[in-house]
Every structure is written in C-alpha cells, then in structure tokens.
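Below: the structure, in structure tokens.
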Amino acid sequence: MSTDQREYLDPILQAKVLSLLDSAKRKGATRNGIEERLSRRANAAALDVVLEELSRSGEAIEWKGRWYSPRFIDFETGTVRVLERGDALILSGFGGEPGFFVHRRHLKGAISGDLVLLRRSQKKKGKRGDGRLPEATVTKILSHRNERIVGSLDT
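Take -17 as the starting number for the sequence shown in the numbering used here and just add one per residue.
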C-alpha cells in the first residue's frame, strides 16, 4: 500500500465509527466488530487510519483490545502541563483549564503537551471547597506533542 493511501482520513468513515462507538456505550467494540458492523464497506487500511486518528485525538480509546467512546468509560483525556517540581496539571476543563493533578511518579513518561488517557485516583478526597484538584494517574499516552526531541539529558 502506498503512503498516500495509508494517510488518507475518510471523514465519513470517521463519523460512522464514532456513531458506532457511541451506540456501543460501555460495552465498546473490538476492531473486528467495528469492521463487521460497517458491513465490510470500509477498507481495512482506511479503518486502521481512522482508529489511529481517533485514538491520537482522544475521541476514541483503545483499552485491552476494545474501542470505546471516552464519555462512556471511567477515563478522562487531557493535555499535560508539567510543573516546576515534576508533578503535572492535566488541562481537561473548558477553555484549557486544569482539571486534574498528577504526581510525577504517575506520569508514565508523559511530558508537557502530550495528550494522555488518565484515571481518577481512588484516594480520599480533600474537604469540599478546599480548592484542590482531583488526583489522577496517566494510564496511556495517546499522542506526543513532539515526536522528536533533540538535546542532552542530565541524570
């Protein structure tokens, strides 16, 4: 397959896949199940491109071999903003406001600008109205802001 064919993102197929994932709700769907429900009208390579793009943008989540719409699972997506001490805020709120706090040990290698999938921590919450953000743990890096970083690492 040529590079041009692999990179083409079919917007109609993308809309159909999103609709299918919305209708699957919390059950999600396997890749093969998605292909079957589309009545094999979709080219397998085009479906792979659509699923990859939906995953990269956070519009669909692949977890343990199944695809889900993020609004039907107990995960959130957001953009990492690393703080001076190494911990991070996850920008997931309206207008890019911080929605979660992640300790540096729970970042799983994510750096500023990365789009991540995260799960709320089950720790006891602070007092109501104390102004603290809920804590979360990164479960998967969906896409990196920078695919290549040049520099030196001091350890």
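Glycine included, each C-beta is placed from N, C-alpha and C at the ideal position.
Note that the structure is predicted; figures quoted are calculated from it, not measured.
Residue nearest to residue i in terms of C-alpha spacing, selected from the options
i, options, result
"residue 60", "46, 69, 80 and 20", "80"
"residue 114", "63, 84 and 55", "84"
"residue 74", "40, 86 and 130", "40"
Per-residue burial, residue i [other beta carbons within 10 Å of its own, 16 or more giving buried]
i, result
"residue 45", "exposed"
"residue 4", "exposed"
"residue 136", "exposed"
"residue 6", "buried"
"residue -17", "Its pLDDT being 42, under 50, residue -17 is placed unreliably in this model, and the coordinates cannot settle the point."
Beta-carbon separation (whole angstroms), residue i vs residue j, contact threshold 8 angstroms
i, j, result
"residue -9", "residue 31", "6 angstroms"
"residue 65", "residue 98", "Not really, about 15 angstroms apart at Cβ, beyond 8 angstroms."
"residue 101", "residue 121", "5 angstroms"
"residue 55", "residue 62", "With a Cβ gap of about 20 angstroms, residue 55 and residue 62 do not count as contacting."
Short Cβ contact (7 angstroms threshold) for residue i with residue j
i, j, result
"residue 82", "residue 118", "yes"
For residue i: DSSP bridge partner residues
i, result
"residue 127", "None, per the DSSP bridge assignment."
"residue 73", "61 and 80"
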